[in-house]
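For the sequence shown, the numbering used here assigns the number 8 to the initial residue and increments by one for each residue that follows.
What follows is a single structure, written as structure tokens, with notes after it.
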Amino acid sequence: MAEFQYRARQGQNRITEGRLTADSIDAAASQLLTNGLIPLDIQPASASQESITEQINKLLPPRKITLDELILFSRQMYSITKAGVPLIQGLSRLSESTSNPRLAEILRDISRDLEGGRDVAGSFGRHRKVFGTLYISLLQVGEMTGQMDRVFLTMHDYLSRDRDTANKIKSATRYPMFVIIAIAIAIAVLTTVVIPAFAQVFDSVKMELPLPTIIILAVSGFATQWWLEILIGIMLGIFAFRHWSNTDQGRYLWDKTKLRFPKIGNILLRATIARFVRAFGVALQSGVPITQALAGVAYTTGNAYVTEKVLSMQSGIERGDSTLRTAAAAQIFTPVVLQMIAVGEETGQLDTMMLEVADFYDREVAYDIDNLSSIIEPILTVAVGVIVLILALGIFLPMWDLTQLAGR
């Protein structure tokens, strides 16, 4: 198949341009006529026909598609499909209006696949890293039931809630991170600049120093002499950790460890469970079979440890176990979730119960996030107090002895 560039008439007065893939010019013209376009000019596409902007965009690294852009796309597609605009035509319009070149190219690629006869889920599924498994599963159901507008609206609402929760967690942890960084900088300045000045004073008087002072001076001397090596070691440690956490085993262990952090781990676990049960409820409500729903939402949790537990639930249900039994065996759900699963299975309203659990956890997580600063501030206060105490014992006590000697 070859790529062709076309000019065509749409309606009475509008002229549109674009590209499509076909076996020949005649096949390209047939595709345009099928889509309600009257071909005016069809030429084989060549590199010289590309605009300067397209050529520059190919030279630059691809821009990441953000969650906000995906939310906006879902809302726009809902409006387009709700108005009855053909999917291919709607995707072509969005590819022309989006400011992200990568997203525009993906939309054009999907449009070409649809023109070539591929189904909607299959066309979007070729870009699974962008849209995700849940998105593709819902599109497949929407295509079967003829409710594509509902699918896009559902994904818009789901992604919007997911973004709001992520933003709340980031805003709540931003202040503690700034405080920790400030403390680290202060310790570095004291160790490499301030304490060496005191060390010269202590050496000049040849006085006997207490053990805390000896330890502090030894640490300061080591940091002053080897500061470059320490800095390189820290950078290499960060690089090694990031490399390790990007491996399958490292990501699994790190995600599991994060959930065990005091206070914060509990909040992260409930936020992860809320994301899972909401996605699970959305998939079930849209008509996705339960095993397919679990496989689709397992990777939406953003946590490799929880993902493994969800996939184990899928395996258990495929063996014939109930949802409640597999959820209890996973050992990550609270009694509230298990109780709602039991009620949902008995009443046949598992999707409704999951969405109610998600709303419940969203409120709890929002409350915990709003109070996260009040939880972390006492810990930071104690840390600062310990640092001040160490400095007082190691520096100010010898200085007090020097003052007494000078007074005599």
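Ideal placement from N, C-alpha and C gives every residue a C-beta, glycine not left out.
Asked: State buried or exposed for residue 347, treating a residue as buried only when at least 16 other CB atoms are found within 10 Å of its CB.; Found: buried
Asked: Return the residue from the list 324, 329, 351 and 263 that minimises the CA-CA distance to residue 308.; Found: 263
Asked: Using the C-alpha atoms, what's the distance from residue 360 back to residue 271?; Found: 26 Å
Asked: Looking at the strands, I want to know which residues DSSP matches up with residue 9.; Found: 29
Asked: Check this for me: beta carbons of residue 284 and residue 365, under 8 Å apart or not?; Found: yes
Asked: Roughly how many whole angstroms lie between the Cα atoms of residue 35 and residue 288?; Found: 42 Å
Asked: Specify the secondary structure class of residue 215 as computed by DSSP and reduced to three states.; Found: coil
Asked: Alpha carbon to alpha carbon, how far is residue 50 from residue 177?; Found: 50 Å
Asked: Okay, do the region 197-207 and the region 222-233 touch, 3+ Cβ pairs below 8 Å being the bar?; Found: yes
Asked: Pairing CB atoms from the region 30-48 with CB atoms from the region 93-108, are three or more of them under 8 Å?; Found: yes
Asked: Tell me whether residue 370 is buried or exposed, calling it buried when 16 or more other Cβ atoms sit within 10 Å of its Cβ.; Found: exposed
Asked: Checking the sheet assignment: what are the DSSP bridge partners for residue 157?; Found: In DSSP, residue 157 forms no bridge with anything.
Asked: Verify whether the separation of the beta carbon atoms of residue 368 and residue 280 is less than 8 Å.; Found: yes
Asked: Residue ranges of each alpha helix (DSSP H) run of no fewer than 4 residues wholly in the region 278-315, ordered along the chain?; Found: 297-304
Asked: Taking one C-beta from the region 240-260 and one from the region 115-130 each time, how about it: are there three or more such pairs within less than 8 Å?; Found: no
Asked: Let's see if you can read the secondary structure: which residues bound the beta strand (DSSP E) around residue 342?; Found: Residue 342 -> not in any beta strand (DSSP E); alpha helix (DSSP H) instead, spanning 342-354.
Asked: Identify the continuous alpha helix (DSSP H) that holds residue 339 and give its terminal residues.; Found: Looking at the DSSP string, residue 339 is not in any alpha helix (DSSP H), and its letter there is neither H nor E.
Asked: Which one or two residues does DSSP pair with residue 22 in a beta bridge?; Found: 16
Asked: Could you have a look at residue 93 and say whether DSSP puts it in helix, strand or coil?; Found: coil
Asked: Going by other Cβ atoms of all chains shown within 10 Å of its Cβ, with 16 needed for buried, is residue 355 buried or exposed?; Found: exposed
Asked: Residue 141 and residue 158: beta carbons closer than 8 Å?; Found: no
Asked: Mapping DSSP to helix, strand and coil, what is residue 46?; Found: strand
Asked: Out of 89, 82, 220 and 194, which one is the CA nearest neighbour of residue 400?; Found: 220
Asked: Mind checking which residues open and close the alpha helix (DSSP H) that includes residue 250?; Found: 234-252
Asked: Identify, in the order they occur along the chain, each residue of the same chain with its Cβ nearer than 7 Å to the Cβ of residue 83, setting aside the five sequence neighbours on each side.; Found: 101
Asked: Which residues in the same chain as residue 55 place their Cβ atom closer than 6 Å to its Cβ, once the five residues preceding and following it in sequence are excluded?; Found: Low per-residue confidence applies at residue 55: pLDDT is 43, beneath 50, and the placement is therefore not dependable, though the value from the model is reported in the following sentence. Here the set comprises nothing.
Asked: Distance, Cα to Cα, residue 28 vs residue 244?; Found: 49 Å
Asked: Considering only the beta carbon of each residue, do residue 190 and residue 390 sit closer than 8 Å?; Found: yes
Asked: So residue 352 and residue 330 are supposed to be a Cβ contact under 8 Å. How far apart are they, rounded?; Found: 6 Å
Asked: Considering only residues of the same chain and omitting the five flanking positions on each side of residue 98, which have a CB-CB separation below 7 Å?; Found: 114, 117 and 118
Asked: Can you find the residues in the same chain that come closer than 6 Å, C-beta to C-beta, to residue 321, ignoring five residues on each side of it along the sequence?; Found: 298, 301 and 302
Asked: Between which residues of its own chain and residue 406 is the CB-CB distance below 7 Å, once the five residues before and five after are set aside?; Found: none
Asked: Taking the C-alpha atoms as reference points, what is the distance between residue 26 and residue 13?; Found: 6 Å
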